[in-house]
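Residue numbers (the working numbering): 25 to 344. Where a beta carbon is used, it is the ideal one built from N, C-alpha and C, also for glycine.
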Ligand SMILES: [Zn+2]
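Listed below in structure tokens is the structure:
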């Protein structure tokens, strides 16, 4: 996938869900895309969304993924100990803390020396994750597992996170239909319950820290854990509040539906039913468990029970 580079700082920019503007998370610059670029990224999003409806045929899925990875780019890093690390990545963007690269089975974060403390913060935050004993679905699969850390020249660092082959950055799917946004909300509500259970706030819970598997409708909170920590404490100058997890979840839903994070979602009947808009526009309940229960009610109001056969609610049951 081709990158748009920031004219101010040279960093890889992120795009909005409708592929009309590019934004640099590093220096704050924003550009309106030209028509060619908009067309390119809209097609790319469309290609990613086609994965939702791909048949169960393993070979066909593999073929589609291989085609996608033909657009991958290469990046080399020299380690202090002389080793060379070569990264083949589909997608990259620059954030204030790190450059991130999405490879086929890993996510690689590259930190400048001034942000080297992010590595320890990341490790520390995920080490605080614990799971309820009733967990029968391996909740830890949905959170980061570190597969390596490397020191580079000039005090730079690399951190490597594991990821499944069929897991892609949520950002790459562009705008989604209400039904797709609904299953993503369900998964994120579940992950927010895990955060709540651990008293953890993830201030960077956003489209760029979430990955999804489009085939089995799962969502993973892999990214930006240097902005996470215990409720009511500070991490890297940020105040951490668990309520923000649920606020951030709603912002993700807004963006996926093509609205800005500070806009209200406008219901349109079939695609965005009133109950879905009400949930996203409203304030979170007092904690993630109650918010999840409330979401279950709104989900049924929005789309009806029978139509949502894949939307089992049992994930939430273990917390109640
Ligand atoms: Zn920039």
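How would you write the range of the alpha helix (DSSP H) that residue i sits in, first residue to last?
| i | result |
| --- | --- |
| residue 202 | 202 to 221 |
| residue 60 | 59 to 73 |
| residue 243 | It is not in any alpha helix (DSSP H) - residue 243 instead sits in the beta strand (DSSP E) that spans 242 to 245. |
| residue 313 | 312 to 327 |
| residue 271 | 267 to 280 |
| residue 88 | 82 to 93 |
Beta-carbon separation of residue i and residue j under 8 Å?
| i | j | result |
| --- | --- | --- |
| residue 329 | residue 266 | no |
| residue 192 | residue 72 | yes |
| residue 231 | residue 182 | no |
| residue 378 | residue 137 | Residue 378 is absent from the structure shown; the chain starts at 25 and stops at 344. |
| residue 246 | residue 239 | no |
| residue 5 | residue 135 | Outside the shown range of the chain, which is 25 to 344, sits residue 5, and nothing can be said about it. |
| residue 225 | residue 255 | yes |
| residue 275 | residue 299 | no |
| residue 103 | residue 176 | yes |
| residue 174 | residue 262 | no |
| residue 291 | residue 327 | no |
| residue 249 | residue 146 | yes |
List the endpoints of the continuous beta strand (DSSP E) containing residue i.
| i | result |
| --- | --- |
| residue 296 | Where residue 296 is concerned, there is no enclosing beta strand (DSSP E), given that its DSSP letter is neither H nor E. |
| residue 236 | 234 to 237 |
| residue 225 | 224 to 226 |
| residue 256 | Counting along the chain, residue 256 falls outside any beta strand (DSSP E), and DSSP gives it neither H nor E. |
| residue 143 | That residue, residue 143, is in no beta strand (DSSP E); its alpha helix (DSSP H) goes 141 to 151. |
| residue 110 | 108 to 118 |
| residue 97 | 97 to 102 |
| residue 77 | Note, residue 77: premise wrong, no beta strand (DSSP E); not H, not E. |
| residue 132 | 130 to 135 |
| residue 123 | 123 to 127 |
| residue 289 | From DSSP, residue 289 is part of no beta strand (DSSP E); its letter is neither H nor E. |
Any heavy atom of ligand 2 closer than 7 Å to the CB of residue i?
| i | result |
| --- | --- |
| residue 240 | As far as ligands go, the structure on display features ligand 1 and does not contain ligand 2. |
Please list, in chain order, all residues with a C-beta atom less than 5 Å from at least one heavy atom of ligand 1. Going by the Cβ distance cut-off, the answer is 30, 32, 33, 35, 48, 50, 51, 53.
Inter-stretch contact (C-beta, 8 Å, three-pair minimum) for the region 152 to 171 and the region 75 to 91: These segments do not touch.
Evaluate contact between the region 30 to 47 and the region 59 to 66, counting only Cβ atoms and requiring at least three cross-stretch pairs below 8 Å. The region 59 to 66 and the region 30 to 47 touch, with three or more beta-carbon pairs separated by less than 8 Å.
Three Cβ pairs or more, each shorter than 8 Å: is that satisfied between the region 207 to 221 and the region 310 to 320? A contact between stretches requires three or more CB pairs, one per stretch, nearer than 8 Å, and the region 207 to 221 meets this requirement with the region 310 to 320.
Just checking, does the region 46 to 53 make contact with the region 99 to 118 on the three C-beta pairs under 8 Å criterion? Cβ pair count under 8 Å is three or more, so yes.
Do the region 193 to 208 and the region 281 to 292 touch if we need at least three Cβ pairs shorter than 8 Å? The region 193 to 208, when compared against the region 281 to 292, does touch it at the 8 Å Cβ threshold.
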